[in-house]
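This report concerns only the one structure given below.
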Amino acid sequence: MTDPINLIAEWLRGLLAGWGLSSGLVIFIMTLLGVVVTAAFVLLMDVFLVWVERKVVARFQDRLGPNRLGPFGLIQPLADVIKLLIKEDITPIGADRVVYNIAPILALATVLVLWSVIPLSPTVLGADINVGVLFIVAAGAIGTLGIIMAGWASNNKYALIGAFRMVAEIVAYEVPMVIALMVPVILARSMSIGEIVQRQTIWYIVLAPVAALVFLITAIAELGRAPFDLSEAESEIVAGFHIEYTGMKFGMFYAGELLHALTMGALFASFFLGGWRGPFAEQVPILGVFYLFLKAFFIYWVIMWVKYSLPRIRIDHLMEFSWKFLTPLILAVVMITALLDKLLGEPGTLIYTLGMLVANLIVVWITLTLLRTYFRLERKRVGEERPVAAPDLTPAARIERTS
Amino acid sequence: MMTVSLIVFLIVALITLGSALMVVIARNLVHSALWLVLTLFGVAILFGLLQAGFLAVVQVVIYIGAISILIIFAIMLTRRIASDTGPRFNENWGWALGISLMMFAALVWVIVSWPGFHVQAQPLDARFEPVVELGKALVSPNGYVLPFELASVLLLAALIGAIVIAWERKPEGR
Amino acid sequence: MIPLSYYLIFAAGLFSIGLFGVLARKNAIAILIGIELMLNAVNVNLVAFWRYRTPGMIAGQVFTVIVLAVAAAEVAVGLALFISIYRRRDTIAADQIDLMKW
Amino acid sequence: MQTQDWLFVGIFIVLAPLFPLIALLIPRLIAPRKPNPIKLETYECGMETVGPAWVQFKVQYYIFALIFLVFDIEMVFLYPWAVSLNLLPFYAVVEGIIFVAILVAGLLYAWRNGALKWA
Numbered sequence: 001m002t003d004p005i006n007l008i009a010e011w012l013r014g015l016l017a018g019w020g021l022s023s024g025l026v027i028f029i030m031t032l033l034g035v036v037v038t039a040a041f042v043l044l045m046d047v048f049l050v051w052v053e054r055k056v057v058a059r060f061q062d063r064l065g066p067n068r069l070g071p072f073g074l075i076q077p078l079a080d081v082i083k084l085l086i087k088e089d090i091t092p093i094g095a096d097r098v099v100y101n102i103a104p105i106l107a108l109a110t111v112l113v114l115w116s117v118i119p120l121s122p123t124v125l126g127a128d129i130n131v132g133v134l135f136i137v138a139a140g141a142i143g144t145l146g147i148i149m150a151g152w153a154s155n156n157k158y159a160l161i162g163a164f165r166m167v168a169e170i171v172a173y174e175v176p177m178v179i180a181l182m183v184p185v186i187l188a189r190s191m192s193i194g195e196i197v198q199r200q201t202i203w204y205i206v207l208a209p210v211a212a213l214v215f216l217i218t219a220i221a222e223l224g225r226a227p228f229d230l231s232e233a234e235s236e237i238v239a240g241f242h243i244e245y246t247g248m249k250f251g252m253f254y255a256g257e258l259l260h261a262l263t264m265g266a267l268f269a270s271f272f273l274g275g276w277r278g279p280f281a282e283q284v285p286i287l288g289v290f291y292l293f294l295k296a297f298f299i300y301w302v303i304m305w306v307k308y309s310l311p312r313i314r315i316d317h318l319m320e321f322s323w324k325f326l327t328p329l330i331l332a333v334v335m336i337t338a339l340l341d342k343l344l345g346e347p348g349t350l351i352y353t354l355g356m357l358v359a360n361l362i363v364v365w366i367t368l369t370l371l372r373t374y375f376r377l378e379r380k381r382v383g384e385e386r387p388v389a390a391p392d393l394t395p396a397a398r399i400e401r402t403s
Numbered sequence: 404m405m406t407v408s409l410i411v412f413l414i415v416a417l418i419t420l421g422s423a424l425m426v427v428i429a430r431n432l433v434h435s436a437l438w439l440v441l442t443l444f445g446v447a448i449l450f451g452l453l454q455a456g457f458l459a460v461v462q463v464v465i466y467i468g469a470i471s472i473l474i475i476f477a478i479m480l481t482r483r484i485a486s487d488t489g490p491r492f493n494e495n496w497g498w499a500l501g502i503s504l505m506m507f508a509a510l511v512w513v514i515v516s517w518p519g520f521h522v523q524a525q526p527l528d529a530r531f532e533p534v535v536e537l538g539k540a541l542v543s544p545n546g547y548v549l550p551f552e553l554a555s556v557l558l559l560a561a562l563i564g565a566i567v568i569a570w571e572r573k574p575e576g577r
Numbered sequence: 578m579i580p581l582s583y584y585l586i587f588a589a590g591l592f593s594i595g596l597f598g599v600l601a602r603k604n605a606i607a608i609l610i611g612i613e614l615m616l617n618a619v620n621v622n623l624v625a626f627w628r629y630r631t632p633g634m635i636a637g638q639v640f641t642v643i644v645l646a647v648a649a650a651e652v653a654v655g656l657a658l659f660i661s662i663y664r665r666r667d668t669i670a671a672d673q674i675d676l677m678k679w
Numbered sequence: 680m681q682t683q684d685w686l687f688v689g690i691f692i693v694l695a696p697l698f699p700l701i702a703l704l705i706p707r708l709i710a711p712r713k714p715n716p717i718k719l720e721t722y723e724c725g726m727e728t729v730g731p732a733w734v735q736f737k738v739q740y741y742i743f744a745l746i747f748l749v750f751d752i753e754m755v756f757l758y759p760w761a762v763s764l765n766l767l768p769f770y771a772v773v774e775g776i777i778f779v780a781i782l783v784a785g786l787l788y789a790w791r792n793g794a795l796k797w798a
């Protein structure tokens with residue numbers, strides 16, 4: 001009774017086998033059903049996210065947000081969807097039609113695919129492949145390609161520039177992200193996300209706070225949300241790579257972005273916050289789903305908080321932040337983690353936990369000291385008197401002298 | 404179950420070869436690159452069918468995520484010749500076609516006349532963890548530690564070389 | 578299951594298409610793309626032989642990974658060369674880059 | 680068990696594009712469709728479009744993609760290393776550190792040459 005999803009699955013399996021289908025076919029149908037249920041659930045969540053996003057941003061900006069349709073404006077997203085559905089669909093002149101239409105599909109599909117490897121609860125069906133972490137990176141890679149396709153096929157300068165900027169940004173932040181994910185892999189001794197969650201008797205945010213922070217920063221950058229929203233810097237390139245898209249095609253990009261944010265929250269929860277772990281989650285697996293989404297929505301809220309509080313970062317600062325700060329930092333952290341993992345013995349012991357935590361704190365302290373020294377020198381350099389290219393005489397005085 | 408994997412293989416192989424053909428004959432270079440992406444994805448699925456999951460994922464990450472993006476960037480940087488004008492083949496394309504077809508025929512002939520033609524795959528050992536084995540092989544002294552470190556040197560050389568070639572140093576450095 | 582020969586014939590086809598691209602295309606980047614196709618065909622062969630002949634050993638996968646690294650290095654330097662040439666000569670059509678002929 | 684997981688992922692990959700595809704097909708049936716030349720112009724803040732969309736990009740984009748590629752490959756080597764780390768003796772860690780150090784030298788080279796500066 002404590003595990004309704006598997007109960008239903010077992011019942012269906014029995015029913016299908018009772019109809020005389022072969023075992024291979026039963027497995028296929030069950031898997032197909034699992035996929036459809038997961039995907040439908042996630043997409044439903046996506047519609048709900050539109051409401052969450054609008055309501056939360058309204059609260060951050062001291063407004064009410066949607067409050068007309070239904071209780072607390074809960075039916076508002078449905079109205080949004082209907083509006084998008086009946087809008088005229090415009091393909092600009094000179095656009096590459098096929099590529100132009102594939103891009104929005106890729107934008108949503110690559111995010112949706114991520115949910116196939118996130119463990120929802122100890123028992124709920126899903127995939128637990130042994131290269132889960134890299135699978136996430138791979139899906140992200142195809143998403144990047146979707147952005148380039150959208151920008152190139154639109155036949156619009158702003159779209160192309162926006163796509164290029166976005167890709168340069170994603171590419172720059174993908175490096176620290178991938179390396180940061182190596183830390184949970186080292187700690188869990190496995191690349192499967194299910195295994196990583198399974199091993200987190202102590203949440204990895206305790207063992208690897210630096211990696212967790214780097215992952216969060218790079219996740220926001222990967223999403224292209226403020227303060228990293230170069231691709232749609234309104235004052236510079238209007239709307240970025242999806243400038244020419246209208247109606248539901250734009251809706252796909254929008255839905256993809258929102259869902260991606262929640263997915264990043266779920267991934268962060270799985271890697272660093274113990275995923276579905278929580279009190280009684282192992283006895284009552286359905287609670288696991290609840291815990292996972294609780295944590296995912298918390299991170300999603302943090303991402304929104306950052307988005308609506310910070311101004312946009314300039315592109316050169318953004319690139320240098322990744323290459324000159326995050327990448328060296330996280331490389332050092334990974335190497336220290338590997339070294340300590342060898343030295344401290346088995347995970348789970350008090351020494352192991354304390355050692356990792358202290359090492360992380362020392363890294364943070366060293367980083368802060370270095371940064372402080374650097375900025376002190378920088379202030380000195382800027383404050384110095386510099387040669388000024390001013391004429392020693394005013395023009396009027398010069399005329400006076402020559403005449 | 405067996406026929407299913409065969410059908411999947413045939414579909415994927417045909418799509419992959421077809422898109423490879425499109426890569427070679429597409430007039431627009433960006434289209435060429437996008438077809439290349441489809442080809443690479445097909446090869447990744449074949450790796451998956453061969454139960455090399457790690458390589459399948461790596462194929463997508465490296466080839467689609469990095470190499471094809473690099474190629475598209477390079478196409479954008481050299482835009483004038485990527486436009487649709489002018490012939491896409493050089494005058495020797497007839498010879499090229501002949502040589503390629505002969506190559507294909509020769510390869511198929513060699514494969515067909517080889518006794519291991521109809522070898523079937525043995526099921527993988529359930530305890531065999533390719534990723535773990537790969538990690539062990541890459542760093543153990545009687546394994547592949549030299550290629551492992553050499554790969555790093557190779558990448559370093561490629562990085563420095565490419566920067567030296569492509570980067571125009573600005574006078575006011577850093 | 579699928580016999581080994583299917584994979585080998587597929588790889589041969591991919592290799593030949595890549596070869597045609599290398600020999601016939603005019604644009605240098607297209608030639609590089611052709612080389613990528615050929616390297617991929619080699620990788621398919623390596624993995625297929627690993628799976629069918631020596632599934633207990635890891636050598637096939639190691640070689641595939643090394644080929645991947647070499648392919649990446651080759652693309653990086655090759656494209657850098659083309660960009661540099663384009664900047665100087667305003668073309669990357671392979672039959673017009675012929676300074677070394679004389 | 681593994682095969683079934685891959686089956687799940689495979690079906691997911693096949694089905695995932697179908698959902699957005701359906702969502703894109705619905706407007707074809709119910710949305711209005713009245714194109715005219717002005718409406719189909721590419722959007723440039725209300726001005727008339729000037730020149731081709733294919734503007735010249737700077738080589739910086741290529742340089743960043745290049746460094747990204749190198750670090751991506753590094754990751755392919757390091758992930759198996761990270762997974763099997765606990766089964767390996769201590770020298771494996773040292774080898775990993777050497778591997779990374781060589782690549783960091785490349786990053787430092789790019790840094791010193793100003794290739795990391797976006798200008």
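As they're listed, the protein sequences go chains A, B, C and D.
All residue numbers for the first sequence refer to our numbering, where the first residue is 1 and numbers rise by one.
All residue numbers for the second sequence refer to our numbering, where the first residue is 404 and numbers rise by one.
All residue numbers for the third sequence refer to our numbering, where the first residue is 578 and numbers rise by one.
All residue numbers for the fourth sequence refer to our numbering, where the first residue is 680 and numbers rise by one.
Even for Gly, the Cβ is constructed at its ideal location relative to N, Cα and C.
Can you name, in chain order, every residue of its own chain whose Cβ lies under 8 Å from the Cβ of residue i, other than the five neighbours on each side?
i: B/Leu527; result: Gln454
i: A/Val111; result: Ala139, Gly143, Gly256, Leu259, His260 and Thr263
i: B/Lys370; result: What is shown of chain B runs 404 to 577, which leaves residue 370 of chain B out entirely.
i: D/Ala789; result: Ile742, Ile746 and Leu795
So which of the options has the shortest CA-CA distance to residue i?
i: A/Ile142; options: B/Ser471, B/Val556 and B/Ala569; result: B/Ser471
i: A/Trp203; options: A/Lys307, A/Leu85 and A/Ala188; result: A/Ala188
i: C/Gly595; options: C/Val621, C/Arg628, C/Ile610 and C/Gly633; result: C/Ile610
i: D/Phe736; options: B/Phe450, B/Gln462, B/Phe476 and B/Tyr466; result: B/Phe476
i: A/Asp128; options: A/Ser270, A/Ala211, A/Met319 and A/Ile161; result: A/Ser270
i: B/Ala565; options: D/Phe747, D/Ala695 and D/Pro699; result: D/Phe747
i: A/Ala150; options: A/Met177, A/Ser121 and A/Pro92; result: A/Pro92
i: A/Gln76; options: A/Trp51, A/Val56 and A/Leu64; result: A/Trp51
i: A/Thr201; options: A/Phe293, A/Gly348, A/Thr31 and A/Ile362; result: A/Gly348
i: A/Val364; options: A/Ala396, A/Ile330, A/Glu384 and A/Ala397; result: A/Ile330
i: B/Ile514; options: C/Phe626, C/Ala650 and C/Arg602; result: C/Phe626
i: B/Leu558; options: D/Gly793, D/Asn792, D/Phe778 and D/Trp797; result: D/Phe778
i: A/Leu207; options: A/Val302, A/Val35, A/Asp96 and A/Asn360; result: A/Asn360
i: B/Ala561; options: C/Tyr663, C/Phe659, C/Ala653 and C/Ala588; result: C/Ala653
i: A/Ala58; options: A/Lys307, A/Arg376, A/Phe290 and A/Phe325; result: A/Lys307
i: C/Ile684; options: B/Ala569, B/Leu553 and B/Ala509; result: Look at the range of chain C in this structure, 578 to 679, and you will see that residue 684 of chain C is not part of it.
i: D/Asn765; options: B/Met506, B/Glu536 and B/Ala447; result: B/Glu536
i: A/Thr327; options: A/Ala107, A/Val210 and A/Leu33; result: A/Val210
i: A/Met191; options: D/Val755, D/Val773, D/Ala744 and D/Tyr740; result: D/Val755
In this structure, what does DSSP give as the bridge partners for residue i?
i: A/Phe48; result: None, per the DSSP bridge assignment.
i: C/Arg602; result: B/Phe492
So which residues of chain D does residue i contact, with C-beta pairs closer than 9 Å?
i: C/Ala649; result: Leu748, Val749, Asp751 and Ile752
i: B/Ile566; result: Ile742, Leu745, Ile746, Gly785, Tyr788, Ala789, Asn792 and Ala794
Give me the chain C residues within the contact set of residue i, using Cβ-Cβ distance strictly less than 8 Å, ordered along the chain.
i: B/Phe492; result: Ala601, Arg602 and Lys603
Which same chain residues, not among the five before or five after residue i, have their C-beta less than 7 Å away from its C-beta?
i: A/Asp46; result: Ala255, Leu258 and Leu259
i: B/Ile467; result: Val440, Leu443 and Phe444
i: A/Leu287; result: Gly278, Phe280 and Ala281
i: C/Pro689; result: The question about residue 689 of chain C has no answer here: the residues shown for chain C are numbered 578 through 679.
CB-CB under 6 Å to residue i, same chain, minus the five flanking residues each way: which ones, in chain order?
i: B/Leu441; result: Ser422
i: A/Gly265; result: Ala296, Ile299 and Tyr300
i: B/Phe457; result: Pro533 and Val534
Could you tell me which chain B residues have their CB closer than 9 Å to the CB of residue i, listed as they occur along the chain?
i: C/Arg665; result: Here the premise fails: no neighbours, minimum Cβ distance about 11 Å.
Run down chain A in chain order and give the residues with a C-beta less than 8 Å from the C-beta of residue i.
i: D/Val783; result: Pro328 and Leu331
Under 8 Å between beta-carbons, which chain D residues line up against residue i? List them in chain order, please.
i: C/Ile594; result: Within chain D, no residue comes near C/Ile594; the closest Cβ sits about 24 Å away, beyond 8 Å.
Show which residues of chain B have a CB atom less than 8 Å away from the CB atom of residue i.
i: C/Val654; result: Ala561, Gly564, Ala565 and Ile568
Listing by chain order, which chain C residues have their CB less than 7 Å from the CB of residue i?
i: D/Phe687; result: Within chain C, no residue comes near D/Phe687; the closest Cβ sits about 21 Å away, beyond 7 Å.
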